[in-house]
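In what follows, a structure is listed as structure tokens, so that the remarks can point back to it.
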Amino acid sequence: MSFIYYFLSFFLIINVIVFVHEYGHFQAARKMGVKVSTFSLGMGPELFGFEDKHGTRWIFSAFPIGGYVMMLGDGDASSMTEDKESLKGLSEEEKKQSFYAKSNWAKIWIAFCGPFFNYIYAFVVIVFMSLFYGLPNYEPVVSTVMQGSPAELSGIKAGDRILYVDGKKVEKFRDVKIGIICSDKEKIKFTVERDGMIRNVEVKPEVKETKKPWGTTKKTKVVGISSGEPIYVKSGFLDSIKGASKYCWDMTVEMFGIFSRLFSGKTSIDNFGGIVQMTKVAGDLSKSGNFAQLIMFTVMLSLNLGFINLFPLPVLDGGRIFICLAEEISGKKLNEKLQEYLMIACMIFLIFLMLITTVNDILNIETVSNFIFKR
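Listed below in structure tokens is the structure:
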């Protein structure tokens, strides 16, 4: 029964942000004069649906994770291959409504609007939260210090306000966590304020190692500090706009930094969570009744979905944008067979990553949501 509750919580959250993403593609396609054949929530066979006055079939599919928009001329849900057979028998006017009949710039706009709507959703939600409820603010103040931890041994005390980590200014407790993770030094320098006095403290993190079934070792830095409960701060309209803009920008920079470290080999895929961890967090938040953090979780997932979809990989929106730009610059159409092979390779790669993160989740099922929310 508990599993069903957790699954339903995650199902509702993920489908909200998937709907937002696909609705972005849908609206952009309509504006560009492309006929949308199908709008699906979920993947696989259709369970039920209806057709609107524009000829779009809105459906709920058997597997309630993900979704897609199928446009006229699409050979598959990724909009990477053209189905020329489906255009046979159509008039020339009808063929002009095909996705593939449009200019590269129109295709780029349609592809871009999925991630763009994820960012718009996050921005609007943060503005409304800031105006009417208040955003959770975790100040960079140490609430507890674990006994015998590196932090305690180095002299950090409860009540210390952390100002800098390795010389980088911190504004919220999450910045402290990011600073610890990203530090390449043996000892991390904390600049703290205590009783009106500024002092520097060097902490040598304890490194815990966990062996993975595939032979790699996950290394986790432990300092031994935690923050207290968040303060919910309401803002006026202009401050809410500024705050939402800053939040979206900071998250984007943060995600860029994390993936840069992954691709450069400075961090491991073992440190990434997947669907099991997200399901656990969604269920925990739903059970706790913490409305603000549940909403902020959807915001975080929406920004992640938008950001990742801009990666220049086939089957992702960024892949479509990259191909259209390449064709526009070169004046030549990319070989269809090559596109197909690239798409298959990308699918295999993404499935492999999903399996790795799922196994990581199962091995680290006790992972809590502190890192996600203590901003």
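So in numbering that gives the first Met the number 0, the last spot in the sequence shown is 374, and the numbers never skip.
No residue lacks a Cβ here, since even glycine has one placed at the ideal position from N, Cα and C.
These figures come from a predicted structure and were not determined experimentally.
Per DSSP, which one or two residues make a beta bridge with residue i?
i: GLU201; result: LYS188
i: ILE224; result: VAL144
i: LYS207; result: THR219
i: PHE59; result: LEU40 and PHE47
i: ARG193; result: MET196
i: GLY113; result: Bridge partners of GLY113: none, in fact.
i: MET70; result: VAL35
i: TYR231; result: PRO135
Between residue i and residue j, what straight-line distance do the alpha-carbon atoms span, to the nearest angstrom?
i: MET128; j: VAL68; result: 30 Å
i: ILE16; j: ILE64; result: 11 Å
i: PHE236; j: VAL206; result: 44 Å
i: SER102; j: LEU11; result: 36 Å
i: TRP213; j: MET353; result: For TRP213, the pLDDT reaches just 49, beneath the cut-off of 50, and the residue's location in the model is therefore unreliable, although a value from the coordinates is still provided. Each residue's alpha carbon lies about 15 Å from the other.
i: ASP51; j: GLU253; result: 41 Å
i: PHE379; j: LYS203; result: Within the shown structure, residues of the chain are numbered from 0 to 374, placing residue 379 beyond reach of any answer.
i: GLY282; j: VAL191; result: 36 Å
i: GLY166; j: THR143; result: 23 Å
i: ILE371; j: LEU89; result: At ILE371 the pLDDT is 40, less than 50, meaning the model places this residue with poor confidence and gives no usable figure here.
i: PHE306; j: LYS168; result: 25 Å
i: SER97; j: GLU326; result: 18 Å
i: THR219; j: ASN308; result: 28 Å
i: LYS188; j: LEU349; result: 38 Å
i: THR55; j: PHE321; result: 28 Å
i: TYR120; j: CYS345; result: 28 Å
i: GLY113; j: ARG29; result: 13 Å
i: LYS336; j: ASP73; result: 15 Å
i: LEU300; j: TYR5; result: 16 Å
i: LYS279; j: THR297; result: 14 Å
i: GLU45; j: TYR22; result: 19 Å
i: LYS332; j: TYR340; result: 15 Å
i: GLY154; j: VAL200; result: 7 Å
i: SER182; j: ALA150; result: 15 Å
i: HIS53; j: ILE180; result: 51 Å
Shorter than 7 Å, the distance from the beta carbon of residue i to the closest heavy atom of the ligand SAM, or not?
i: ALA105; result: With respect to the ligand SAM, the structure shown offers nothing to examine, as it has no ligands at all.
What residue from the options has the CA that sits closest to residue i's CA?
i: SER148; options: ILE107, ILE161, VAL222 and LEU354; result: VAL222
i: LYS156; options: PHE258, VAL164, ILE3 and MET145; result: MET145
i: GLU228; options: ILE107, LEU333 and GLN292; result: GLN292
i: THR37; options: SER301, LEU71, MET31 and GLU201; result: LEU71
i: PHE379; options: VAL298, ILE187 and VAL19; result: Limits of the chain in this structure are 0 at one end and 374 at the other, which puts residue 379 out of reach.
i: LYS95; options: VAL33, PRO139 and ALA105; result: VAL33
i: ALA61; options: ILE230, ASP51 and PHE47; result: PHE47
i: PHE111; options: GLU339, GLU335 and LEU304; result: LEU304
i: LEU324; options: LEU86, ILE107 and SER90; result: ILE107
i: SER225; options: MET196, ASN199 and GLU138; result: GLU138
i: SER8; options: LEU302, ILE294, PHE310 and GLU339; result: ILE294
i: TYR246; options: GLU326, GLU151 and ASN136; result: ASN136
i: VAL126; options: LYS233, ILE161 and ARG193; result: LYS233
i: TRP248; options: HIS53, ASN14, MET42 and PHE122; result: PHE122
i: ILE109; options: HIS53, THR251 and VAL35; result: VAL35
i: MET31; options: LYS83, ALA100 and SER39; result: ALA100
i: ARG193; options: GLY41, VAL141 and ILE343; result: VAL141
i: VAL104; options: SER153, ILE328 and GLN276; result: First, the amino acid is wrong: residue 104 is Trp here, not Val. Checked all of SER153, ILE328 and GLN276; the closest Cα to TRP104 is ILE328.
i: PHE310; options: THR251, SER285 and GLY330; result: THR251
i: GLY43; options: GLY66, ARG160 and GLU84; result: GLY66
i: ILE230; options: TYR118, GLU151 and PHE172; result: PHE172
Notebook entry, point to check: Mind pulling the beta strand (DSSP E) runs of 3 or more residues that sit fully within the stretch 122-167?
Noted result: 134-136 and 160-164
Margin query: Closer than 8 Å is the cut-off here; do at least three beta carbon pairs connect the stretch 250-263 with the stretch 315-332?
Written below: no
Note to self: Quick test of the definition: if touching needs 3 or more C-beta pairs under 8 Å, does the stretch 175-189 touch the stretch 239-246?
What the structure shows: no
Next item on the list: Inspect the CB distances between the stretch 118-138 and the stretch 280-292 and report whether three or more fall short of 8 Å.
Entry: yes
Note to self: Quick check for students: name the residue ranges of the alpha helix (DSSP H) that lie wholly in the stretch 281-337, counting only runs of 4 or more.
What the structure shows: 290-307 and 316-329
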